[in-house]
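In our numbering, the protein residues as written are 152 to 283.
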């Protein structure tokens with residue numbers, strides 16, 4: 152009878168060690184995955200901020216003259232050009248609170264005219280445009 156008892160104790164210890172190892176590995180991989188997710192999110196957000204800042208800087212420089220001369224066609228072409236960047240959801244140019252020209256993406260990613268300011272969880276950059 153002693154032989155049976157030692158075998159069941161041995162199997163029980165092996166089972167417990169196996170379960171502990173599986174749990175430790177699962178927890179370690181989960182923590183690593185969570186860390187990678189946070190790091191990737193941070194990098195992507197920083198990249199999107201850089202894209203937004205460079206786009207707004209280009210637009211501020213390029214739109215000074217068309218805004219001064221009220222050339223809405225030139226403004227629209229400039230915005231369309233900047234919207235070629237697929238990660239940009241919307242661009243609008245406002246004068247004294249009213250939208251002069253604006254373009255946004257619909258749910259399929261197609262460009263449509265903007266009639267009002269967007270709201271939501273977006274990275275937003277703005278700049279005053281001054282004539283030179």
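Note that the Cβ used here is the ideal one computed from N, Cα and C, for glycine as well.
Please read these numbers as outputs of a predicted model, since none were measured by experiment.
Buried or exposed by the 16-neighbour rule on C-beta atoms within 10 Å, applied to residue i
{"i": "residue 214", "result": "buried"}
{"i": "residue 242", "result": "buried"}
{"i": "residue 182", "result": "exposed"}
{"i": "residue 226", "result": "buried"}
{"i": "residue 171", "result": "exposed"}
Below-9 Å beta-carbon distance, residue i vs any chain D residue
{"i": "residue 188", "result": "Protein chain content of the structure displayed is limited to a single chain, and chain D is not contained in it."}
Residue i versus residue j: straight-line alpha-carbon distance, rounded
{"i": "residue 230", "j": "residue 269", "result": "16 Å"}
{"i": "residue 259", "j": "residue 212", "result": "30 Å"}
{"i": "residue 189", "j": "residue 178", "result": "17 Å"}
{"i": "residue 252", "j": "residue 195", "result": "28 Å"}
{"i": "residue 299", "j": "residue 238", "result": "Since the displayed the chain opens at 152 and closes at 283, residue 299 lies outside it and no answer follows."}
Residue span of the beta strand (DSSP E) that contains residue i, given as start and end
{"i": "residue 262", "result": "262-264"}
Endpoints, the alpha helix (DSSP H) within which residue i is located
{"i": "residue 242", "result": "Here residue 242 belongs to no alpha helix (DSSP H); instead the beta strand (DSSP E) covers 241-246."}
{"i": "residue 227", "result": "223-233"}
{"i": "residue 216", "result": "215-219"}
Contact between the stretch 272-283 and the stretch 189-204 (3+ Cβ pairs under 8 Å): In the pairwise beta carbon analysis, the stretch 272-283 is classified as touching the stretch 189-204: at least three pairs are separated by under 8 Å.
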